[in-house]
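Residue numbers (our numbering), protein chains in the order written: chain A, 1 to 112; chain F, 1 to 110.
The C-beta atom is built at its ideal place from N, Cα and C for all residues, glycine as well.
Please read all numbers here as calculations on a predicted model, not as lab measurements.
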Amino acid sequence: EPEVTQTPSHQVTQMGQEVILRCVPISNHLYFYWYRQILGQKVEFLVSFYNNEISEKSEIFDDQFSVERPDGSNFTLKIRSTKLEDSAMYFCAAAGEAYEQYFGPGTRLTVT
Amino acid sequence: TQLLEQSPQFLSIQEGENLTVYCNSSSVFSSLQWYRQEPGEGPVLLVTVVTGGEVKKLKRLTFQFGDARKDSSLHITAAQPGDTGLYLCAGVQGAQKLVFGQGTRLTINP
């Protein structure tokens, strides 16, 4: 089964600090996504990325968030100045031509 | 944003029983995916349904997409303790983003 990997598995940071969450998508997939899940709530879409640019983003994905795929393999989500309410599980997902999205194991972000 | 409502939210049954989980929306989705999520892990894709009325089977699990592509169901036959988990439906909207339901937490008691 295809596998998406994410690092770190758990990140603790102080409010106002920058964090970078990393994802290694499946190698032949073309579409990449970030989702988040606040404890006890639904999985929420943040952003989709195709052909080295953002194709869609949600209201949550404000100016504090950015994504990039710097080296053709890693796909990163940066939060510039974290807030307490950014604490959540962040999932990376990848899809190929069939558009079926495969999720990574997630990064648990805790902002203190 | 289109919403997906899953029911029931919680279901606890005995091993060997059958069950059905529902996923409903007032909007049409181009396709719908079912996932299973274990605590502290990412959702794992079970199936994608695309065509209205489509039925897909995965061993004891049967997935159906409604004719109007607004709803879907997951039926499990002869449930086993290993089926315990959180089942999520997710509809594809726009540029392939997924809209998730809140999930059905299923517990199968031995």
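With DSSP run on the structure shown, which of helix, strand or coil describes G91(F)? strand
Does the beta-carbon distance from Y50(A) to L45(F) come in below 8 Å? Taking C-beta atoms as the reference points, Y50(A) and L45(F) fail to come closer than 8 Å.
If you count every other CB in all the chains shown that lies within 10 Å of the CB of E44(A), and 16 or more means buried, which is it? buried
Name the chain A residues whose beta carbon is nearer than 8 Å to that of K57(F)? Neighbours of K57(F) across chain A, judged by C-beta separation under 8 Å, do not exist; the nearest C-beta is about 17 Å away.
L98(F) and Q9(F): beta carbons closer than 8 Å? no
Pop quiz: Y99(A) and V21(F) are said to be a contact at Cβ under 8 Å. What is the actual Cβ separation, rounded to whole angstroms? Their Cβ separation, rounded to whole angstroms, is 23 Å, which puts Y99(A) and V21(F) out of contact at 8 Å.
Specify whether the segment 25-43 of chain F and the segment 52-59 of chain A touch according to this definition: at least 3 beta carbon pairs, one from each stretch, less than 8 Å apart. The segment 25-43 of chain F vs the segment 52-59 of chain A: no contact.
Within the segment 47-107 of chain A, ranges of the beta strand (DSSP E) (whole runs, at least 3 residues): DSSP runs (the beta strand (DSSP E)) wholly in the segment 47-107 of chain A: 53-57, 65-68, 75-79, 88-95, 101-103.
Near-chain A residues of the segment 73-106 of chain F (beta-carbon distance less than 8 Å), N- to C-terminal order: L88, A90, V92, G94, A95, Q96, K97, L98, V99, F100, G101, Q102, G103
Express the C-alpha separation of T82(A) and R36(F) in angstroms, rounding to a whole number. Between R36(F) and T82(A), the C-alpha separation is close to 29 Å.
With a CB to CB cut of under 7 Å and the five nearest residues on each side skipped, what residues in its chain are close to F61(A)? L46, V47
Quick one: does Q101(A) have its CB under 8 Å from some CB of chain F? In terms of beta-carbon proximity, Q101(A) lines the interface with chain F, with at least one pair separated by less than 8 Å.
Verify whether the separation of the beta carbon atoms of F91(A) and Y35(A) is less than 8 Å. Going by C-beta atoms, F91(A) is nearer than 8 Å to Y35(A).
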